[in-house]
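Undergrad: Have a look at the structure that comes next, please.
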Amino acid sequence: MNIFRAFVSTVLALFTCGLPAAEVRLVESLPKPSFPLVTAGTTAHIVLQPAAPEVVKIAARDLADDITAITGKPPQVIETPRSGPKVILRIKDIGRWEAFRISATPETLTIDGNDPRGLAFGIYELSRRIGVSPWHWWADVPVTKLEELHLSVGTDPIEQPAVKYRGIFLNDEGWGLRPWAAKTFEPEVGNIGPKTYSKIFELLLRLRANTIWPAMHPGTTPFHQIPENTAAADRYAIVTGSSHAEPMLRNNVGEWKRDGRKFNYLTNRDDVRHYWEDRVKQRTSGESIFTIGMRGIHDSPIVGPKSQNERITTLTEIFTDQRAMLARHLGNGDPTRVPQMFCPYKEVLSDYLAGLKIPDDVTIVWPDDNFGYVRRFGTAAERKRNGGLGVYYHASYLGAPLSWLWIDTLPPALVWSEMTRAYEQGARNIWIVNVGDIKNTERSMEFFLDLAWNADRTDPAAPARFLLETAARDFGTEHAAGIADILSRLQAISFARKTEHLQWHISLNPYQPTGLNESEIRDRLAACELLANDCETIANRLPPDAADAFYQLVGFPAAITAAANERYFRSELARADIARGRPPEPNQTAAAEAAKRIDRLNARYNEGIAGGKWQHAVTVQGVSAKDWIRFQPDAKMNAPTPAEDNICPPAPPAVSPLNTPADARPGDFVERDGVVSIDAGHFTSKSDTPDGAGWRSIQGLGRTGSAVTVLPSTTDWKDAPAPHLVYRFHTNTGGSAKLRVRLLPTHPITEGTGLRFAIGTDGGKPVPLALTHGFEPKSSSWNDRVLANATHTTADLPAKLAPGWHTLELHAVDPGVVVDKIVLAFGDLPPSYDGPSETRVPSPQP
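If you number the sequence shown the way the numbering used here does, the last residue is 934 and the count never jumps.
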């Protein structure tokens, strides 16, 4: 945590010194010259081009409302310029899809957009710069009231997106977004309708996104069955699409009215074709991306084909039929004129790998494994496709082995590591993130979309910088460091075990005790308690108008994390009490009180904040106790009383203090109790390739918070020494040593190679290590890995180590490997052993 605090302090110093890349920015003092947006009772006019597109008009009105919210002085939105300061909004060719540029003189501020959406992005960017958070409405982030608004004079660089289509998938909405819309925000529709979607579309534009996959779970009125929904999408210039399981913009769960067994291309081809073609005929206005292919109803395997070969043949015929429809109705006879995508999700990926051919103009959208690890990356041939590549990613998930829907537990560092690698490997055309029902995935949603815009100009410090800058933006620079630190600690706790994954067995299977021993449990509970207390301290320091926003974005997830851990681990400790002859009542009482606290926290969200604005928006666990029970923790974790050998391990003996040699330097590693434990990001030195590529530590990544990977992932060192890291360590014991390395459960960049790397000592021949199995979702090893965000490999060092100083070298073999921790042990290593905290010589305290 100290390293993160130091990083926060450095970035905050830069942030508050006025060093953002933008030239045109809000200024507090009055440099000469400056552009007076609001001054001395005068507000600049907002000038539209005649016949401006509707999305530009919407953004202009929102900008006027934002200025009014800050100053109380409403600007006029006009088409004919008048004398005095003015904001000119114009569509102008500046060279790239959705690009914009802001410039200012003392008389005029001009926003140029290459196209209507680009201009809208520029308008909302100005709102950001004057102090309006993208989450002003969706999370009740307040604005700072100001009498005047002045912006510096200058011309920004052109802003443009790295990824063409960037958007969200609304999913699993039945326990949050839909009941909130139906009962609180849009009762006249009684479902998710155009009023709700309009707010979502505005949020997308404020986050520089352009694509929606609408909500589609049972009970939700299909998006295209409400004409006002599609009309709203067109007004906001939002591209409509549909998920991997919903071809041709159809919502099969809500729109296929016959038996699901009839959704069969082989036996009911005409009905299926008409079903698809009717939607194509309806969608002749606006922009759409059509998902091609076919699966069964509600994300199940395709009905009909009995073998993989038959599936491949059938899907090939389906592609031909679907593209013919698109050509007839939308492409003037040419299907390549209609944007299309294909997502090889679940068993369809194996079909693709077995030879399924995708038309060259269709974007192949790779899925992640539902837990944030991208399952496949483009080959050299795939990167040359005219349709390009994309990624469908998860920030929320309902499914096996356990769901995660409740709070935002996806670390930005993991998003950055996986999606930057995907971008480097050619996924640059479509990025979609499953955000559940938006509430409680706000941070992950924003970071994903921000990275989609900036993926061609990012760096490993981006995740930590994002936490700091958004905290400063939403709650003030004086609170930013503390809030960013809380969020980083919250993510570290969740990376080790998500709040929704607090049981060590798969639901509806026999109970399995936690893998943590009693000492580790108490350390985790202490970290949770400190997190909640520090969060409460900051909450008490904030101005009253920030309380609701802070609760939604910081306080609620921190408090839920603390309470859920208390509920589960106190129950586990009570089991251990019973088995070991100790009174269980204190732990049982604490677990019961934590359960009540969870109910109170959820009730406060639904009823106590923002004047009841978010009633019905949050459900405990993110899903009701009666639904999808096989994908959520068992309801009764306190029974039955376990046998004595079926409980968490007892606390281990106290560790010895570090025996630091006199010639040790800060940062060196030393043996303690027969073990040298190394957090991978704390290397002594590194050796890069001649062109500067090599191992890099990503702050916030992994359970250590400093995992390393080779960047860029396109690095090729065939004709040069492989990049490597060096760790200096001292041992007293000496002798034969075993090596255990913890990796993140990433998927190989090159299909079939596994995760390969090598480790050497004292400059000797490296020992090759590889993880070559367990990548297929739903396997038992994959279940364990994604729930723990970790996987391990072990080896014996070939030579004995003499007591004294040594070096350990981590050599790259394949890019895409992410190393989190290295443990060197003299003696046996239990199969599940994850090593103690690192045995590193600390730096002297100032």
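Backbone N, C-alpha and C define an ideal beta-carbon position, used for all residues, glycine too.
(1) Mark His362 as exposed unless 16 or more other C-beta atoms lie within 10 angstroms of its C-beta, in which case mark it buried.
(2) Roughly how many whole angstroms lie between the Cα atoms of Asp922 and Asp228?
(3) Sorted by chain position, which residues of the same chain lie with C-beta nearer than 7 Å to Glu334's C-beta, five sequence neighbours on each side aside?
(4) Could you pull out every unbroken alpha helix (DSSP H) segment of at least 4 residues lying fully inside the segment 618-662, listed in chain order?
(5) Suppose the cutoff is 8 Å on Cβ atoms and the five residues either side in sequence are ignored; what does the same chain contact list for Thr193 look like?
(6) Identify which residue in Ala664, Thr803, Glu235 has its Cα closest to the Cα of Arg509.
(7) In chain order, what are the residue ranges of uninterrupted beta strand (DSSP E) at least 3 long that sit wholly in the segment 120-206?
(8) Do the CB positions of Arg585 and Ala876 come within less than 9 Å of each other?
(9) Since Ala846 sits in a beta bridge, which residues does DSSP pair it with?
(10) Considering only their Cβ atoms, is the gap separating Tyr212 from Val327 smaller than 9 Å?
(11) Check whether the segment 816-826 touches the segment 747-757, counting contact only when three or more Cβ pairs, one atom from each stretch, lie closer than 8 Å.
(12) For Trp893, does the three-state DSSP call read helix, strand or coil?
(13) DSSP beta-bridge partners for Arg784?
(14) How would you label Ala727, buried or exposed, when you count the other beta carbons within 10 angstroms and need 16 or more for buried?
(15) Got a sec, what are the start and stop residues for the beta strand (DSSP E) Trp301 sits in?
(16) Quick check: the Cα distance between Ile766 and Thr772, rounded to an integer number of angstroms?
(17) Would you tell me roughly how many angstroms separate the C-alpha atoms of Val814 and Gly699, rounded to the nearest one?
(18) Would you check if the distance between the CB atom of Thr881 and the CB atom of Phe757 is smaller than 9 Å?
(19) Please report the straight-line C-alpha distance between Leu237 and Leu265, rounded to a whole angstrom.
(20) Pair every Cβ in the segment 182-192 with every Cβ in the segment 204-218, then say whether three or more of these pairs are closer than 8 Å.
(21) Could you give the distance in angstroms between the alpha-carbon of Pro601 and the alpha-carbon of Asn734?
(22) Could you tell me the alpha carbon to alpha carbon distance between Lys161 and Ile155, rounded to whole angstroms?
(23) So who's on the other strand from Ile518, going by DSSP bridges?
(24) Have a look at Arg371 and Glu839 and give me their C-alpha separation to the nearest angstrom.
(25) Quick one, which of Leu641, Ala662, Glu681 has its alpha-carbon nearest Ala651's?
(26) Let me check one thing: in DSSP terms, what residues is Trp494 bridge-paired to?
(27) I believe Pro204 touches Glu167 by the beta-carbon criterion, under 8 Å. Please report the beta-carbon distance rounded to the nearest angstrom.
(28) Going by CA-CA distance only, name the one from Pro833, Val220, Arg294 that's closest to Phe535.
(29) The ligand NAP heavy atoms versus the CB of Lys701: any closer than 8 Å?
(30) Using 9 Å as the threshold, is the C-beta distance between Pro393 and Arg411 below it?
(31) State the Cα-Cα distance for the pair His312 and Lys283, rounded to the nearest angstrom.
(32) Find the nearest neighbour of Asp872 within the set Asp902, Phe289, Leu832, judged by alpha-carbon distance.
(33) For Leu498, which residues from the same chain have a beta carbon less than 7 Å from its beta carbon, with the 5 sequence-adjacent residues on both sides left out?
(34) Where Ser744 and Phe914 are concerned, what is the direct C-alpha to C-alpha distance, given to the nearest angstrom?
TA: So, from the listed chains and residues:
(1) Per the 10 Å Cβ criterion, exposed.
(2) Cα-Cα distance, rounded: 42 Å.
(3) Counting only Cβ-Cβ distances below 7 Å, and skipping sequence neighbours, we find Met304, Asn340, Thr379.
(4) Taking only runs of at least 4 residues, the alpha helix (DSSP H) segments lying wholly in the segment 618-662 are 635-638.
(5) These residues qualify, in order along the chain: Pro121, Phe123, Val241.
(6) Closest option to Arg509, Cα to Cα, is Thr803.
(7) Entirely contained in the segment 120-206, the beta strand (DSSP E) runs reaching 3 residues are, in chain order, 122-127, 133-135, 174-179, 188-192, 196-201.
(8) Yes, they are a contact pair.
(9) According to DSSP, Ala846 bridges with Pro856, His899.
(10) Going by C-beta atoms, Val327 is not nearer than 9 Å to Tyr212.
(11) With the cut-off at 8 Å, the segment 816-826 and the segment 747-757 touch.
(12) The answer is strand: DSSP assigns Trp893 an E or B state.
(13) Bridge partners of Arg784: Thr797.
(14) Interpretation of Ala727 is limited by its pLDDT of 45, a score under 50 that renders its predicted location unreliable; the figure taken from the coordinates is listed afterwards. Result: exposed.
(15) Residues 299-301.
(16) Roughly 11 Å between the two C-alpha positions.
(17) Distance between Val814 and Gly699, taken at the CA atoms: about 56 Å.
(18) No.
(19) So the two alpha carbons sit approximately 36 Å from each other.
(20) These segments touch.
(21) Each residue's Cα considered, the two are about 6 Å apart.
(22) The alpha-carbon atoms of Lys161 and Ile155 are separated by roughly 7 Å.
(23) The partner list for Ile518 (beta bridge, DSSP) reads Tyr253, Gly478.
(24) Taking the straight line from one Cα to the other gives about 38 Å.
(25) Nearest option by C-alpha distance: Glu681.
(26) For Trp494, which the question treats as bridged, DSSP gives no partner whatsoever.
(27) About 16 Å separates the beta carbons of Pro204 and Glu167, which is beyond the 8 Å limit, so they are not a contact pair.
(28) With distances taken between Cα atoms, Phe535 lies closest to Arg294.
(29) With respect to the ligand NAP, the structure shown offers nothing to examine, as it has no ligands at all.
(30) When the beta-carbon positions are compared, Pro393 and Arg411 stay at least 9 Å from each other.
(31) As the crow flies, the alpha-carbon of His312 is around 14 Å from that of Lys283.
(32) Comparing Cα positions, the closest option is Leu832.
(33) Here the set comprises Gly460, Ala483, Ser532.
(34) Ser744 and Phe914: Cα-Cα distance of roughly 16 Å.
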